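J.:
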């Protein structure tokens, strides 16, 4: 049966497990976005979520014809998927949008890159064709993130009747950084995005960066920005169209988050952490070991705090949860190891028999993270560049005694939260150390008032409302 509302995303709302006897079982996918999208789609009875089969068990489920209501998984060739996801989406597009390249050495756009780009195109085309096949006439389609940047343009050519939105969860690269990419890649990315009726971003800064990528002028068409609407022409099925560029600042579901944070397993983790912290102040960070999250400079700032403000020695503990991220890429494995080593150095330098300055957890432990949220006196969120950073919004919602937020200007959340945060340049370790001191020294009443305002802003557009706003924006 064709669908009237469709979501396309690399990751789906569920995954499969395969036991030793060959039996398949489905389990819910993780993450706040999956939860929010799933909740919103329950209000659309004929909605369909199209995603990639990510594991051998997922692919086996597709081959057996196992289908959960409202979900269609695509069995994309594993080699094609690996090239599209790892070699292009995570190693090129992510690095470009987050300004992460060590430019004297990388990137290198060689024959291997060009072959991988063909796989990225093939991967996007598989989604476009599936959406075209499943959508009712005039259906609304929500395409998610940089993994699927080409889908709107491809889908527009296949189904010009559809209403298409694309949302980018990352920043958008500055014009100079975007020009690092080969010209044909830039052209295909932009024309892919311009296939959408609405291109959405978390912040005004990222929307403006996308707008600055036009006008285009090439053999196939012209695009010109007029305010927040890009009018464009292209020979083919969708000439003379326009794309509206909109901001949808994703927030958190406060009620759901607080319920998750007060489950028994979180209470157990909280009791254990409180025993380790032993009544000291808690500086909390929760991140993936992602290069853009700036964990190493955060640790350096904490070390400088202990060096220049010795009054905090023995009185504060840094609870750092650093989830391993993209460990199939060597640069991420090295970064994760560097986090471990620097935390150990700080403990060796300053630790005493009854005080460990850094309690670092380099494992995926959501219950521990929520427990840390609840006991946070200070939240440290200092990415060099981030699409939004929901941790900056989650901790004020969950913190029991109120927390002071140290927030970098590189976080997408900075636009909304800066008035009530202690803000820092993400590259300035000394400034960040001073901000940690200011946050730890903040009077309790001021901290409580700031936390209240931060939580109100953080919950202004929870995931379900965020999705509904995008649907409503489609003409």
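In the numbering used here, the protein residues as written are 9 to 483.
Yeah, the Cβ is synthetic: ideal placement off N, Cα and C, and Gly gets one too.
All figures in this text were calculated on a predicted structure; none of them were measured in a lab.
Can you say whether residue 455 is buried or exposed, counting buried as having 16 or more other CB atoms within 10 angstroms of its CB?
T.: The residue in question, residue 455, is buried, as its Cβ has 16 or more Cβ neighbours within 10 Å.
J.: Would you identify the three-state DSSP class for residue 226, choosing helix, strand or coil?
T.: Residue confidence is low: residue 226 scores 49 on pLDDT, short of 50, so the model does not pin down where it sits. Its coordinate-derived value is still stated next. Strand at residue 226.
J.: When you compare the segment 290–303 with the segment 463–478, are there three or more beta-carbon pairs, one atom per stretch, that lie closer than 8 Å?
T.: The segment 290–303 is not in contact with the segment 463–478.
J.: Measure the C-alpha to C-alpha separation of residue 141 and residue 249 and round it to an integer number of angstroms.
T.: Straight-line Cα distance between these residues: approximately 23 Å.
J.: Evaluate contact between the segment 279–292 and the segment 86–105, counting only Cβ atoms and requiring at least three cross-stretch pairs below 8 Å.
T.: The answer is no - the segment 86–105 does not touch the segment 279–292, with fewer than three Cβ pairs under 8 Å.
J.: Run through DSSP, which three-state label would residue 209 get?
T.: Reduced to three states, the DSSP call for residue 209 is strand.
J.: Can you check DSSP and say which residues form a bridge with residue 394?
T.: 419, per the DSSP bridge assignment.
J.: Does the beta-carbon of residue 31 have 16 or more other beta-carbons within 10 angstroms, so that it is buried, or is it exposed?
T.: Exposed.
J.: Which partner residues does residue 171 have in the DSSP bridge list?
T.: Bridge partners of residue 171: 148.
J.: With 8 Å as the threshold, decide whether the Cβ of residue 117 is near any Cβ in chain D.
T.: Structure shown: chain D not included; a single protein chain is present.
J.: Is it the case that the Cβ atoms of residue 60 and residue 18 are separated by a distance below 8 Å?
T.: Yes, these two residues count as a Cβ contact at 8 Å.
J.: Under three-state DSSP, which class holds residue 487?
T.: Because the chain is modelled from 9 through 483, residue 487 falls outside the range shown and cannot be assessed.
J.: Apart from the five residues on each side of it in sequence, which residues of its chain come closer than 7 Å, Cβ to Cβ, to residue 211?
T.: Closer than 7 Å at Cβ, skipping near neighbours: 255, 257, 420 and 423.
J.: Check for me: the beta strand (DSSP E) holding residue 324 runs from which residue to which?
T.: That run of the beta strand (DSSP E) goes 324–331.
J.: I think residue 281 touches residue 327, with their Cβ atoms under 8 Å apart; what is that distance to the nearest whole Å?
T.: Contact flag correct, Cβ pair sits at about 7 Å.
J.: Just grab the DSSP bridge partners of residue 295 for me.
T.: Residue 295 pairs with 330.
J.: To test your reading of the DSSP string, which unbroken beta strand (DSSP E) runs of 3 or more residues are found completely within the segment 66–113?
T.: Whole beta strand (DSSP E) segments, 3+ residues: 79–82.
J.: Nearest-angstrom Cα distance between residue 441 and residue 320?
T.: For residue 441 and residue 320, the distance between alpha carbons rounds to 12 Å.
J.: How is residue 346 classed by DSSP in three states: helix, strand or coil?
T.: Of the three classes helix, strand and coil, the one that applies to residue 346 here is helix, per DSSP.
J.: Tell me the DSSP secondary structure of residue 12 in three-state form.
T.: The answer is strand: DSSP assigns residue 12 an E or B state.
J.: Pull up the CB-CB distance for residue 387 and residue 403, whole angstroms please, since I reckon it's below 8 Å.
T.: With 8 Å as the limit, residue 387 and residue 403 qualify as a contact, their Cβ atoms being about 4 Å apart.
J.: In the DSSP assignment, the beta strand (DSSP E) including residue 369 goes from what residue to what residue?
T.: Residue 369 -> beta strand (DSSP E) spans 366–369.
J.: Below 8 Å between beta carbons: does that hold for residue 453 and residue 179?
T.: Their beta carbons are not under 8 Å apart, which means residue 453 does not touch residue 179 by this criterion.
J.: Which partner residues of residue 36 appear in the DSSP bridge assignment?
T.: According to DSSP, residue 36 bridges with 22.
J.: So, are the CB atoms of residue 291 and residue 310 less than 8 Å apart?
T.: Yes, the pair counts as a contact, with Cβ atoms nearer than the cut-off.
J.: Take residue 468 and list the residues in its own chain whose beta-carbon comes closer than 7 Å to its own, dropping the five residues that flank it on each side.
T.: So the qualifying residues of the chain are 259.
J.: Please list, in chain order, all residues of the same chain as residue 473 whose beta carbon is under 6 Å from its beta carbon, the five residues on each side excluded.
T.: Excluding sequence neighbours, residue 473 sits near nothing in its chain.
J.: Quick one, which of 57, 81, 56 and 58 has its alpha-carbon nearest residue 68's?
T.: It is 81.
J.: Is the CB-CB distance between residue 201 and residue 177 below 8 Å?
T.: Cβ atoms of residue 201 and residue 177: not closer than 8 Å.
J.: Helix or strand or just coil, what does DSSP make of residue 57?
T.: If DSSP states are grouped into helix, strand and coil, residue 57 belongs with the strands.
J.: Buried or exposed: which applies to residue 160, given that a residue is buried once 16 or more other Cβ atoms fall within 10 Å of its Cβ?
T.: Burial call: buried.
J.: Got a sec, what are the start and stop residues for the beta strand (DSSP E) residue 432 sits in?
T.: 430–432 is the extent of the beta strand (DSSP E) around residue 432.
J.: Going by beta carbon distance, what residues of the same chain come within less than 7 Å of residue 196, once the five residues before and after it are set aside?
T.: Excluding sequence neighbours, residue 196 sits near 158.
J.: Rounded to the nearest angstrom, how far is the Cβ of residue 13 from that of residue 147, given a contact under 8 Å?
T.: About 7 Å; that satisfies the 8 Å criterion.
J.: Alpha carbon to alpha carbon, what distance is there between residue 371 and residue 127?
T.: Rounded to the nearest angstrom, the two C-alpha atoms are 31 Å apart.
J.: What are the boundary residues of the alpha helix (DSSP H) that includes residue 408?
T.: From DSSP, residue 408 is part of no alpha helix (DSSP H); its letter is neither H nor E.
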